[in-house]
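Below you'll find the structure, written out as structure tokens, and then a few comments.
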Amino acid sequence: MFYRKDRNTFGGGVLIAANSTLLPQEIKLASCNSELLFVRIKACIIICCYYRLPQCNNIDNFIETLALVVQRYPKDMIILIGDMNFPGFDWQRNIIKSNTPFKSLHQQFQFFLVKHDMTQLI
20 MFYRKDRNTF
30 GGGVLIAANS
40 TLLPQEIKLA
50 SCNSELLFVR
60 IKACIIICCY
70 YRLPQCNNID
80 NFIETLALVV
90 QRYPKDMIIL
100 IGDMNFPGFD
110 WQRNIIKSNT
120 PFKSLHQQFQ
130 FFLVKHDMTQ
140 LI
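Take the sequence shown: its letters are residues 20 to 141, numbered as in the numbering used here.
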């Protein structure tokens with residue numbers, strides 16, 4: 020099964036493909052922007068696919084929507100995939116590089132990850 024959120028303009032958007040045996044269900048949220056998609060599989064895992072444009076200087080909607088999903092499904096594992104365009108993260112040392120553009124966005128995202136005990140897997 021395919022779940023997608025397309026941009027209103029040419030190109031872009033996000034997509035999650037899940038085998039029907041995983042019993043996928045899209046989580047529809049009114050506040051979701053077009054580059055954010057949630058699919059719940061086997062009633063215990065939520066896949067969140069997100070794309071942030073490199074020049075986007077606001078992630079409030081993303082953080083608020085993700086926090087809402089965490090609150091609604093407190094026992095589910097959340098797997099966050101996509102391209103957040105945060106090149107200033109040094110994931111191995113878990114720090115934000117000092118000369119990072121949009122440093123406050125990096126800090127906001129890092130705070131959310133720490134608050135909800137989320138980690139980077141490569």
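Where a beta carbon is used, it is the ideal one built from N, C-alpha and C, also for glycine.
The Cβ-Cβ distance between residue 37 and residue 58 falls below 8 Å. DSSP assignment within the stretch 71 to 116 yields the following whole alpha helix (DSSP H) runs of 4 residues or more, N-terminal first: 79 to 91.
Nearest neighbour of residue 43 by Cα position, chosen from 136, 60 and 53, turns out to be 60. Per the coordinates, the alpha-carbon of residue 24 lies some 6 Å from the alpha-carbon of residue 54.
Under the criterion of beta carbons closer than 8 Å, residue 98 and residue 66 qualify as touching, at roughly 5 Å. By the neighbour-count criterion, in which a residue is buried when 16 or more other Cβ atoms sit within 10 angstroms of its Cβ, residue 88 is buried. Non-local beta-carbon contacts of residue 101 in its own chain, meaning distances under 7 Å to residues more than five positions away in sequence, involve 33, 68, 69 and 70 in chain order. Judged by DSSP in its simplified three-state form, residue 57 adopts strand.
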